[in-house]
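Chains Z, G and D, in that order, are what the protein sequence lines are.
With positions in the first sequence counted from 1, the corresponding number in the numbering used here is that position plus 73.
With positions in the second sequence counted from 1, the corresponding number in the numbering used here is that position plus 29.
With positions in the third sequence counted from 1, the corresponding number in the numbering used here is that position plus 214.
Just so you know, even glycine gets a beta-carbon here, dropped at the ideal spot from N, CA and C.
Computed from a predicted model, the values in this text were never measured in an experiment.
Here the structure comes first, spelled out in structure tokens, and everything after it is commentary.
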Amino acid sequence: MTIEKLHVKLINKEIKVEELVDSYYKKIKKSDSKIGAYISLCQDKAMIAAKKAQLKIDNNDNVTMLTGIPLAIKDNICTKDIITTCGSRFLETFEPPYNATVVNKLYEHDGIVLGKLNLDEFAMGGSTENSYFKSTKNPFNLERVPGGSSGGSAACVAADLATFTLGSDTGGSIRQPASFCGVVGLKPTYGTVSRYGLVAFASSLDQIGPITKTVKDAGIVLNAISGIDRYDSTSSDIGNIDFNENINKDIKGMRLAIPKQYLEGKISPQVKESIKKALNEYEKMGVTIEEIDLKLADYAIAAYYIISSAEASSNLARYDGVKYGYRNKEFSNLIELYKNTRSEGFGDEVKRRIMLGTYVLSSGYYDAYYKKALQVRTLIKNEFDEIFKKFDGIIGPTAPTTAFKIGEKNNDPLEMYLGDIYTVAVNIAGLPAISIPCGFDDNNLPIGLQIIGKAFDERKILQLAYAYEQKTKLYELSKEV
Amino acid sequence: MQITKKTINHVANLARLNLKDEEVNTLLTQMGEILTYIDKLNSLDTSNVKPMEHVKPISNVFREDVIAPSFNRDDILKNAPEKEDGAFSVPKIMD
Amino acid sequence: MEYEVVIGLEVHVELATKTKIFCDCTTEFGGEINTHCCPICIGMPGTLPVMNKEVVDFAIKVGLATHCEIANFSKMDRKNYFYPDLPKAYQVSQFDLPICKEGYIDIEVEGKTKRIGITRIHMEEDAGKLIHSSFGTGSLIDYNRCGVPLIEIVGEPDLRSAEETKAYVEKLRSIIQYVGASDCKMQEGSLRADVNLSVRSIGEKKLGTRTEMKNLNSFKAIVHAIIHEQKRQISEIEQGKKIIQETRRWDDDKGKSYAMRSKEEAHDYRYFPEPDLVPIEISNEKIEKIRLQLPKLPHERVKRYIEEYNLPSYDAKILTSSKDIADFFEQAVKSGANPKKASNYIMGNVMKLMNQFNDESIPFSGEKLAKLIHMVEKNIISQNIAVKVLQYMYESKKDPEVIVKEKNLASLNDEGELNSVVETTIKENEKSVNDYISGNLKAIGFLMGQVMKQTKGKANPQLVNKLLKEKLEKMK
């Protein structure tokens with residue numbers, strides 16, 4: 074079920090909101106014990122919201138595309154009076170007294186929040202195995218990871234446990250899980266969606282975005298959650314645009330660049346095959362595909378890990394057991410309070426990143442690491458800007474593999490980091506990118522195709538993605554778990 | 030770049046983390062590998078390149094100096110692990 | 215061995231904005247614990263800062279008034295450290311691109327002018343307050359103050375004595391009050407001075423090891439702390455000991471300073487540019503616009519008072535020592551008061567009352583002083599009574615006419631009434647009368663005193679004098 078289809082059903086009175094919401098909760102009850110997408114549910118609040126939404130539909134009162142649509146939110150986005158854990162022991166009982174801006178916007182559109190979704194702790198990870206609470210399973214194969222850090226968000230949509238979800242993307246955390254779970258994931262241009270209420274991981278890289286079944290749905294959600302926010306100094310004034318306004322237009326004549334580095338190196342042969350097939354499809358639709366040399370492709374991960382860890386180490390310093398969250402009970406002085414609390418409140422991956430980040434910012438190392446990474450950032454952005462002078466988009470795989478087995482990459486953090494190869498540069502440059510399903514491997518695991526666009530050019534990448542989606546109709550594969 | 034145990038312990042202190050011996054050893058290996066990987070950036074010539082602190086070249090985002098009601102104290106203290114007389118409480122700080 | 219002391223100050227000033235630097239909470243002083251807070255200034259997960267435009271404007275004003283260069287491009291940075299009064303575990307401040315730099319102010323000590331350099335001025339946010347628990351078991355934190363905007367003014371180590379330091383802080387305070395950037399009330403903490411002090415033998419070019427002293431809440435404390443620390447360091451050096459670079463907390467009651475344990479560990483602040491805030495670009499046009507908006511600074515007013523109002527330079531300097539007093543004076547003169555008379559009342563009486571009540575501002579308007587002066591000029595009240603009325607005005611803020619009426623202080627100018635009192639006094643004081651008649655003219659003073667006593671000071675002295683003399687002469 075897509076937002077588009079459900080919207081029609083709702084306004085045609087074929088179904089009522091309460092029924093719809095109830096049906097989702099039934100599905101959740103049936104399947105989520107196996108998948109583990111949800112950390113918490115808010116059924117009471119949802120039913121109240123459902124009644125309100127139905128009233129609006131009945132009275133034709135400010136009905137939007139999202140009125141009455143059941144959704145779920147990654148648990149690092151603050152929801153007022155609803156526990157927001159960030160997948161961490163630290164915030165296990167944390168109830169924000171305020172809503173993230175995107176949450177307020179969804180409430181204004183009368184979307185129905187079903188619950189909060191599992192993630193890698195504080196959004197750090199690529200498998201959702203770093204959650205303090207549980208591992209989420211890939212609905213296509215329960216022994217496999219859904220990807221991360223928005224693993225819960227992607228699995229939820231894949232298993233039809235919500236019509237759409239919100240995730241967050243710092244180095245690929247929306248796109249990679251979308252790719253692993255065979256759904257659509259969109260990371261907007263930095264600044265398009267307000268970060269107010271998104272628990273910060275890396276402030277200059279984080280963005281909230283939709284995970285949906287279809288490309289059009291992604292555009293619908295983006296319309297609702299985007300826009301300048303007085304509470305976020307880094308948000309952009311994108312004006313009053315409809316991101317789907319060009320979605321139906323012909324893509325003939327467009328030019329896509331495929332970096333040769335993307336199809337070399339550590340990419341699984343079946344993923345490579347699938348991407349090549351996708352490129353073929355585009356050529357059949359009249360798009361020119363040209364191979365380019367993305368010289369800085371190999372440096373993006375290094376720059377990313379320096380910048381994101383440094384910012385994270387500072388953003389996570391506030392978790393000290395004083396104002397909110399976990400506090401260790403055994404301490405005899407302040408320093409012990411801090412150290413014991415933080416050591417027990419955080420998981421290993423978070424601690425690793427904090428250590429790395431603290432190190433690269435520390436006295437004597439700032440120039441060699443952080444400053445250097447910011448200079449590389451300039452180079453990466455410039456390289457992309459040059460490419461977009463000649464091309465409408467950059468195309469390639471979202472991830473070098475399909476979903477790996479749960480536990481497979483646990484002991485090798487660097488190995489895990491290298492999986493971000495196609496996604497991190499996008500965050501460094503602040504560009505928009507979408508991941509759409511483009512096939513399956515021999516294990517019936519989904520493969521994702523990524524299209525990167527110029528800054529603020531979501532309309533074009535949605536247009537390009539939509540054309541492919543409509544031609545191949547892969548989204549019609551529903552998943553019964 | 031080689032990282033030492035001394036550095037790891039120093040960084041852990043800066044970050045207010047306790048590390049058990051096994052953790053220090055693990056981090057020694059892991060951080061060592063990651064830092065070696067990161068060193069590849071040194072092969073890029075950045076001598077005349079300006080560091081990019083913000084992806085968007087915007088400046089001067091301000092708000093007006095107009096008072097809005099503060100939050101209820103109960104909401105402010107709602108999640109406090111320890112509180113006393115309307116304040117957050119920590120172990121006595123010696124000066 | 216002769217030593218000289220070298221002092222440099224770091225002055226933190228709370229800006230007079232209505233709201234905090236990054237959120238809409240009020241900056242009002244006082245208020246119940248944790249009632250001026252919101253998720254942003256408490257540093258709750260997910261919150262973000264948005265810069266208060268007035269903070270930048272005030273910083274520029276202070277920079278211009280202290281002859282600083284205003285940066286066309288400036289940014290905020292994070293200063294990372296752990297302390298309970300710092301909710302985000304980092305303070306948003308400015309590291310390498312402060313908004314102002316390389317300025318100076320001129321101070322006057324013992325008739326000599328000296329220029330004190332200002333290295334830089336930067337914007338930052340204030341932290342919360344630590345209070346001691348009534349149960350004695352822990353420390354409590356109030357975040358009301360957290361997020362109040364500050365400017366930090368870093369001075370060059372150009373000061374060489376406690377007097378110079380006092381003059382520097384006074385001048386700085388006066389300038390900042392004049393541009394309206396802060397009320398600079400040391401008792402309320404809106405002006406805090408940290409003193410960096412070292413000693414060296416005279417002639418030595420190298421700087422000695424310095425200590426930093428904090429918690430100096432008044433001018434007295436600053437002076438005492440400097441004198442004490444200077445002695446302490448010299449004593450240590452003469453005993454062959456090395457000065458430890460440390461932060462010391464001054465205890466004014468005990469007259470001693472103590473090394474602060476918690477600050478001993480060298481901080482690695484890991485400064486990096488604040489990613490949640492965008493840079494601040496200030497055009498030269500904007501700087502000029504603000505420069506034109508600056509109010510007249512103290513030394514300009516001094517000039518005007520001397521030239522326009524014919525006041526002696528001594529008066530002019532005292533009246534302009536605080537913006538409040540200067541404004542009050544100008545208000546009085548605008549309402550018609552004679553400048554010299556107004557000046558005398560202010561210097562002689564009003565400022566005494568301010569000192570007595572420990573006030574940093576005058577609780578009533580200059581208009582009222584003008585009225586009081588007129589009443590004396592018109593003989594409605596006598597000079598002595600006027601001083602009393604002024605005190606009542608200060609305490610009650612009422613109009614002088616109202617006070618005179620309520621307390622029945624009007625001068626006795628009626629000859630008839632006064633005559634009877636004079637006659638009674640003469641009758642009751644034979645000895646003095648005889649003294650006067652026999653040639654001791656000074657005895658009239660005693661008789662006058664008695665009349666004044668009888669009339670509770672309200673009798674018009676000149677009239678009393680005239681009547682007494684008339685009657686006494688007749689008796690001769």
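#### Entry: M215(D): first and last residue of the uninterrupted beta strand (DSSP E) it sits in
To locate residue 215(D), count along the third sequence from 1; it is residue 1. Element bounds for M215(D): n/a, residue is neither H nor E.
### Task
Name, please, each residue of chain G whose Cβ falls closer than 7 Å to the Cβ of D467(D).
Here residue 467(D) refers to the residue found at position 253 when the third sequence is read from its first residue. None at all; the shortest Cβ gap to chain G is about 15 Å.
#### Entry: Cut-off 6 Å between Cβ atoms - residues of its own chain near D466(D), not counting five sequence neighbours on either side
Taking the first residue of the third sequence as 1, we reach residue 466(D) at position 252. Within the same chain, D466(D) has close Cβ partners A435.
### Message
Just to confirm, is the Cβ distance from G420(Z) to Y111(Z) under 9 Å?
### Response
Taking the first sequence and counting its residues from 1, one reaches residue 420(Z) at position 347. Taking the first sequence and counting its residues from 1, one reaches residue 111(Z) at position 38. No. Outside cutoff.
### Query
Using the C-alpha atoms, what's the distance from I319(D) back to S382(Z)?
By one-based count along the first sequence, residue 382(Z) stands at place 309. By one-based count along the third sequence, residue 319(D) stands at place 105. Distance between the alpha carbons of S382(Z) and I319(D): 44 Å.
### Task
For D493(Z), collect the residues of the same chain with a Cβ closer than 8 Å to its Cβ; drop the 5 residues on either side in sequence, then sort them by chain order.
Locating residue 493(Z) in the first sequence gives position 420, counting from the first residue. Here the set comprises G199, G244, G245, Q249, I374, Y377.
### Query
Exposed or buried, which one is A530(D) when buried takes at least 16 other CB atoms within 10 Å?
Sequence index remark: in the third sequence, residue 530(D) carries index 316 (1-based). So A530(D) counts as buried.
### Message
Just to confirm the assignment, what range does the beta strand (DSSP E) spanning E338(D) have?
### Response
The count along the third sequence starts at 1 and reaches residue 338(D) at position 124. Here the beta strand (DSSP E) through E338(D) covers 326 to 339.
### Task
Confirm the yes/no value for this check: CB of L46(G), any heavy atom of the ligand NAP, distance under 8 Å.
No copy of the ligand NAP appears in this structure; indeed no ligand is present at all.
### Task
Check the Cβ-Cβ distances between L407(Z) and every residue of chain D, and say whether any is below 9 Å.
Within the first sequence, numbered from 1, the residue matching residue 407(Z) stands at position 334. At least one chain D Cβ lies under 9 Å of L407(Z).
### Message
Quick check on T379(D): does DSSP put it in helix, strand or coil?
### Response
Here residue 379(D) is taken as the residue at index 165 of the third sequence, counted from 1. DSSP places T379(D) in helix when its eight states are reduced to three.
#### Entry: N-terminal and C-terminal residue of the alpha helix (DSSP H) that D447(D) is part of
Translated into the one-based positions of the third sequence, residue 447(D) becomes position 233. Here the sequence assigns Gln to residue 447(D), which means Asp is not the residue at that position. Q447(D) -> alpha helix (DSSP H) spans 433 to 452.
### Query
Out of A407(D), Q459(D), S579(D), which has the shortest C-alpha to C-alpha gap to E224(D)?
One-based indexing of the third sequence puts residue 224(D) at position 10. When only C-alpha atoms are compared, the closest one is A407(D).
#### Entry: chain G contacts made by the stretch 488 to 514 of chain Z, where a contact means CB separation under 7 Å
A502, G503
### Message
Counting only Cβ pairs nearer than 9 Å, list the residues of chain D close to A383(Z).
### Response
Locating residue 383(Z) in the first sequence gives position 310, where the first residue counts as 1. Correct list: R484, F486.
#### Entry: Terminal residues of the alpha helix (DSSP H) in which V636(D) lies
By 1-based counting over the third sequence, the position of residue 636(D) is 422. Unbroken alpha helix (DSSP H) run through V636(D): 629 to 642.
### Message
So, for E478(D): in the same chain, excluding its five sequence neighbours on each side, which residues have a beta-carbon less than 7 Å away from its beta-carbon?
### Response
Looking up residue 478(D) in the third sequence gives position 264. Confidence is the limiting factor: at E478(D) the pLDDT is only 45, short of 50, which leaves the residue's position unreliable, though a coordinate-based value still follows. For E478(D), where only same-chain residues beyond five positions count, the Cβ hits under 7 Å are E460.
#### Entry: For P332(Z), three-class secondary structure by DSSP
Indexing the first sequence from 1 puts residue 332(Z) at position 259. P332(Z) falls in the strand class under three-state DSSP.
### Message
For a cutoff of 9 Å on Cβ pairs, would you count V53(G) as touching chain D?
### Response
Position 24 of the second sequence, counted from the first residue, corresponds to residue 53(G). No, because no Cβ of chain D sits closer than 9 Å to the Cβ of V53(G).
### Task
Leaving aside the five residues before and after H182(Z) along the sequence, list all residues of the same chain whose C-beta is less than 7 Å from its C-beta, in chain order.
Within the first sequence, the letter at position 109 stands for residue 182(Z). Only T137, L139, T140, A297 meet the Cβ criterion.
### Query
Quick one, which residues of the stretch 255 to 268 of chain Z are near chain C if we go by CB-CB under 7 Å, in chain order?
No chain C is present in this structure, whose protein chains are Z, G and D.
### Query
Is it the case that the Cβ atoms of F274(Z) and E384(Z) are separated by a distance below 9 Å?
By 1-based counting over the first sequence, the position of residue 274(Z) is 201. By 1-based counting over the first sequence, the position of residue 384(Z) is 311. Taking 9 Å as the Cβ cut-off, F274(Z) and E384(Z) qualify as a contacting pair.
### Query
Taking only beta-carbon atoms, is D104(G) less than 9 Å away from chain Z?
Position 75 of the second sequence, counted from the start, is the residue given in the question as residue 104(G). Judged by the 9 Å Cβ criterion, D104(G) is in contact with chain Z.
### Task
Answer with yes or no whether the minimum CB distance from Y318(D) to chain G is below 9 Å.
Here residue 318(D) is taken as the residue at index 104 of the third sequence, counted from 1. Output row for Y318(D): interface = no.
### Proximity winner among N108(G), V95(G), I32(G), relative to T157(Z) (alpha-carbon distances)
Reading the first sequence from its first residue, position 84 is the one you call residue 157(Z). Of the listed residues, the one whose Cα sits closest to T157(Z) is N108(G).
### Task
Put N266(D) into one of helix, strand or coil per three-state DSSP.
Counted from its first residue, the third sequence places residue 266(D) at position 52. Strand.
### Task
Could you tell me the distance, in whole angstroms, from the CA atom of V516(D) to the CA atom of E216(D)?
For the purposes of this step, residue 516(D) is taken as residue 302 along the third sequence, with counting starting at 1. For the purposes of this step, residue 216(D) is taken as residue 2 along the third sequence, with counting starting at 1. Straight-line Cα distance between these residues: approximately 38 Å.
### Message
Just to confirm my understanding: we take Y608(D), look at its own chain, exclude 5 residues before and 5 after, and list those with CB closer than 6 Å. What are they?
### Response
Here residue 608(D) is taken as the residue at index 394 of the third sequence, counted from 1. Taken in chain order, the residues that qualify are L567.
### Task
Return helix, strand or coil for E478(D), following the three-state DSSP convention.
As a working note, residue 478(D) is residue 264 in the third sequence. Only weak support exists for where E478(D) lies, its pLDDT of 45 falling under 50; the coordinates are left without a value.
### Message
Pull the bridge partners of H346(D) from the DSSP assignment, please.
### Response
For the purposes of this step, residue 346(D) is taken as the residue at position 132 of the third sequence. For H346(D), which the question treats as bridged, DSSP gives the partners S353(D).
### Query
Does DSSP put G671(D) in a helix, a strand or coil?
Start at 1 with the first residue of the third sequence, and residue 671(D) comes out as number 457. In the structure shown, G671(D) sits in coil (DSSP, three-state: anything other than H, G, I, E or B).
### Task
Quick one: which residues of the stretch 57 to 70 of chain G get their C-beta closer than 7 Å to a C-beta of chain Z? List them in chain order.
Q59, M60, E62, I63, Y66, I67, K69, L70
#### Entry: Buried versus exposed, by CB contacts within 10 Å (16 or more), A123(Z)
Position 50 of the first sequence, counted from the first residue, corresponds to residue 123(Z). With 16 or more other Cβ atoms within 10 Å, it is buried.
### Query
Around the C-beta of P86(G), are 16 or more other C-beta atoms found within 10 angstroms, so that it is buried, or is it exposed?
The residue given as residue 86(G) occupies position 57 in the second sequence. It is exposed - the Cβ of P86(G) has fewer than 16 other Cβ atoms within 10 Å.
### Nearest candidate by alpha-carbon position, reference K656(D), set L686(D), L533(D), F571(D)
Position 442 of the third sequence, counted from the start, is the residue given in the question as residue 656(D). When each option's Cα is compared against that of K656(D), the closest is L686(D).
### Message
So for T65(G), helix, strand or coil by DSSP?
### Response
Your numbering for residue 65(G) matches position 36 in the second sequence. Residue state, collapsed to three classes: helix.
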